[in-house]
Each structure stands twice: as structure tokens, then as C-alpha cells.
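These protein sequences, in sequence, are chains G and E.
Read in order, the letters of the first sequence correspond to residues 334 to 445 in this note's numbering.
Read in order, the letters of the second sequence correspond to residues 9 to 123 in this note's numbering.
Just below is one structure, and these are the notes that go with it.
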Amino acid sequence: QKEVEQNSGPLSVPEGAIASLNCTYSDRGSQSFFWYRQYSGKSPELIMFIYSNGDKEDGRFTAQLNKASQYVSLLIRDSQPSDSATYLCAVMFTGGGNKLTFGTGTQLKVEL
Amino acid sequence: DGGITQSPKYLFRKEGQNVTLSCEQNLNHDAMYWYRQDPGQGLRLIYYSQIVNDFQKGDIAEGYSVSREKKESFPLTVTSAQKNPTAFYLCASSSTPGRGNSPLHFGNGTRLTVT
Numbered sequence: 334q335k336e337v338e339q340n341s342g343p344l345s346v347p348e349g350a351i352a353s354l355n356c357t358y359s360d361r362g363s364q365s366f367f368w369y370r371q372y373s374g375k376s377p378e379l380i381m382f383i384y385s386n387g388d389k390e391d392g393r394f395t396a397q398l399n400k401a402s403q404y405v406s407l408l409i410r411d412s413q414p415s416d417s418a419t420y421l422c423a424v425m426f427t428g429g430g431n432k433l434t435f436g437t438g439t440q441l442k443v444e445l
Numbered sequence: 009d010g011g012i013t014q015s016p017k018y019l020f021r022k023e024g025q026n027v028t029l030s031c032e033q034n035l036n037h038d039a040m041y042w043y044r045q046d047p048g049q050g051l052r053l054i055y056y057s058q059i060v061n062d063f064q065k066g067d068i069a070e071g072y073s074v075s076r077e078k079k080e081s082f083p084l085t086v087t088s089a090q091k092n093p094t095a096f097y098l099c100a101s102s103s104t105p106g107r108g109n110s111p112l113h114f115g116n117g118t119r120l121t122v123t
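As C-alpha cells, this is what we get:
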């Protein structure tokens, strides 16, 4: 069973701080990793994806991938109250076609 | 505007009835997916289709059926055999099956309540 693990939270950070969200996965050969944001009652929205070791930056968001440690993270700089949501990590496992396996998500709360 | 349309947004049914959830996309995507989400849980894959007239079971296909007669459409039927059908159902599509950097794009979801 290929798995994606996330701490459910809630993770609380003050406004303006850096939020760090973490995800581990079970298949060492996995190639592609995705972060989605989901507001309560809404559908997931893609934030970014990464498939090379290292960092990938997009505005206030940075995805970090370490394939040796089977670990992917999402950093949110200058956190805003509007960033309060559940963040879902998704992994495309090898040999699984183009389908994603999702973690259960981490709830982020950005406090004023 | 291109996108994925799911209808209806809310659906109520009596136990024992089959119900069909609609999903239409105009993104010209080859692959389409159905996921289910329960409160406090991640998304679980029900069925997916990488090409017209072909589809595969996901992790929780029991009690569900699908069809893919047109590229744009991938309806999901929740049958009376599904023991716990009340959930939030999400349809998604992606452009290039098998490409690792082809992300999924989601519709707005259908919230099904069965009593």
C-alpha cells in the first residue's frame, strides 16, 4: 500500500510568519509531487508541483523535495489570514499511471 | 472560460436509490477522475479514465460505476450497493496521462447526502 503521510494539525502561525508544512511518502521511486490548498467546503486548488530534488519557488510559496529522505515540504512566507486552509500533499507513485494519492491534509491557521 | 463543471452542487437521495453525478470538462483533457472525500479525510480515488471508452477502478470502486462515452464527460453513478454514500464527490481532469508533471484540476464538487 503506497501512502502519503501528513500531520493533520492544526498548525497555528502568526500573521507574517513562515508556515512550514510537511509530507512523507512511502515509495522511493515516486517522481512527481503536488501541493493543493482546500478551503472549507470547497474543492482543492493546485498551488504548485515539484519533481526535482531541491527547492522550487513561486511567489510566497516554496516547495522543497528530498527524494533520499522521501520528504516534501511547502513553505509559505509572510503568512496571511487568507492562507488559512487545509493543505493537501499528493504524490504520483511509479507505475500508477497518471493518478495521484493524497495525504489527509494539514490544517493551517494564520492568526492576527 | 475553460473548466470542469460538476452538477448538482448538492444532492439528496433516499437509501436504496441509484444516483448519477455529472462531470463535464471543456479543457480538452484526456484523463478524468472521480475522488471521494469524507470529513477530515483526504481524497480517495474511485475511478479514472485515461481515454474515451476506457476506465479503471481506483482504490474504492465498490458500489460505483462510470462511463466515458465522450472525451468531455465522465458521469459517476452511486449505486444502492455503496454502503456509505454520503460524502463530497470531486471530479478532476488532467491533460496528459502518464506525464508526471501533469497536475489534476478539480471541479467544484457535489455534496451527496443519502438518508
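Virtual Cβ for every residue (Gly too), placed ideally from N, Cα, C.
Note that the coordinates shown come from a computational prediction; the quantities given were computed from them, not determined experimentally.
Over what stretch of residues does the beta strand (DSSP E) that includes residue i continue unbroken?
i, result
"Val-60 (chain E)", "Looking at the DSSP string, Val-60 (chain E) is not in any beta strand (DSSP E), and its letter there is neither H nor E."
"Arg-361 (chain G)", "It is not in any beta strand (DSSP E) - Arg-361 (chain G) carries neither H nor E in the DSSP assignment."
"Ala-388 (chain G)", "First, the residue type needs correcting, since residue 388 (chain G) is Asp and not Ala in the sequence shown. Its beta strand (DSSP E) spans residues 387 to 391."
"Lys-400 (chain G)", "Counting along the chain, Lys-400 (chain G) falls outside any beta strand (DSSP E), and DSSP gives it neither H nor E."
"Tyr-97 (chain E)", "95 to 102"
"Lys-442 (chain G)", "439 to 444"
"Leu-120 (chain E)", "118 to 122"
"Ser-30 (chain E)", "27 to 33"
"Pro-347 (chain G)", "344 to 347"
"Phe-20 (chain E)", "18 to 21"
"Ser-15 (chain E)", "12 to 15"
Can you list, in chain order, the residues of its chain whose CB lies under 8 Å from that of residue i, leaving out five sequence neighbours each side?
i, result
"Asn-399 (chain G)", "Asn-386, Val-405"
"Glu-77 (chain E)", "Val-60, Asn-61"
"Ser-373 (chain G)", "Ala-418, Thr-419"
"Phe-366 (chain G)", "Cys-356, Tyr-358, Phe-382, Ile-383, Tyr-384, Ala-396, Leu-398, Val-405, Cys-422, Ala-423, Val-424, Met-425"
Could you work out which residues of chain G lie near residue i, taking near to mean beta carbons separated by less than 7 Å?
i, result
"Phe-114 (chain E)", "Ser-376, Pro-377"
Quick check on residue i - is its C-beta less than 8 Å from some C-beta in chain A?
i, result
"Gly-50 (chain E)", "Given the protein chain composition of this structure (G and E), no chain A is represented."
Residue i touches chain E at which residues, Cβ-Cβ below 8 Å?
i, result
"Lys-432 (chain G)", "Tyr-41, Leu-53, Tyr-56, Gly-66"
"Gly-436 (chain G)", "Gly-50"
"Leu-421 (chain G)", "Gly-50, Leu-51"
Which partner residues does residue i have in the DSSP bridge list?
i, result
"Leu-379 (chain G)", "G:Tyr-369"
"Asn-355 (chain G)", "G:Ser-406"
"His-113 (chain E)", "E:Ser-101"
"Ala-89 (chain E)", "According to DSSP, which records beta bridges pairwise, Ala-89 (chain E) is partnered with nothing at all."
"Leu-53 (chain E)", "E:Tyr-43"
"Ala-69 (chain E)", "Paired residues: none, contrary to the question."
"Phe-435 (chain G)", "G:Ala-423"
"Glu-338 (chain G)", "G:Thr-357"
"Ser-81 (chain E)", "E:Glu-32, E:Lys-78"
"Ala-396 (chain G)", "G:Lys-389, G:Leu-407"
Give the interface partners of residue i over in chain G, defined as CB-CB distance under 8 Å, in chain order.
i, result
"Pro-111 (chain E)", "Phe-367, Leu-379, Phe-382"
"Gly-117 (chain E)", "Lys-375, Ser-376"
"Leu-98 (chain E)", "Ser-376, Pro-377"
Got a sec? Which residues, its chain only, sit under 6 Å from residue i by beta carbon, not counting five neighbours each side?
i, result
"Gln-397 (chain G)", "Asp-388, Ser-406"
"Arg-21 (chain E)", "Val-27, Val-122"
"Ala-352 (chain G)", "Val-346, Ile-409, Ser-412, Leu-441"
"Asn-116 (chain E)", "Gln-14"
"Leu-379 (chain G)", "Tyr-369"
Strictly below 9 Å CB to CB, what residues from chain E border residue i?
i, result
"Leu-407 (chain G)", "The premise fails here: Leu-407 (chain G) is roughly 15 Å from chain E at the closest Cβ pair, so nothing lies under 9 Å."
Excluding sequence positions up to five away, which residues of its chain have a Cβ less than 7 Å from the Cβ of residue i?
i, result
"Ser-88 (chain E)", "Gly-24, Gln-25, Asn-26"
"Pro-347 (chain G)", "Glu-444"
"Lys-65 (chain E)", "Tyr-55"
"Tyr-363 (chain G)", "With the sequence shown as reference, residue 363 (chain G) is identified as Ser, and Tyr is not the correct amino acid for it. So the qualifying residues of the chain are Val-424, Met-425, Phe-426, Thr-427."
"Pro-414 (chain G)", "Glu-348, Val-443, Leu-445"
Taking 7 Å as the line, does the beta carbon of residue i fall inside it for any heavy atom of the ligand HEM?
i, result
"Ala-350 (chain G)", "For the ligand HEM, the structure offers nothing, since it holds no ligand at all."
Would you be able to state if there are at least three C-beta pairs under 8 Å between the region 87 to 105 of chain E and the region 39 to 47 of chain E?
yes
With three or more C-beta pairs closer than 8 Å as the rule, is the region 350 to 357 of chain G touching the region 408 to 426 of chain G?
yes
Below 8 Å, can you find three or more Cβ-Cβ pairs linking the region 25 to 39 of chain E to the region 75 to 89 of chain E?
yes
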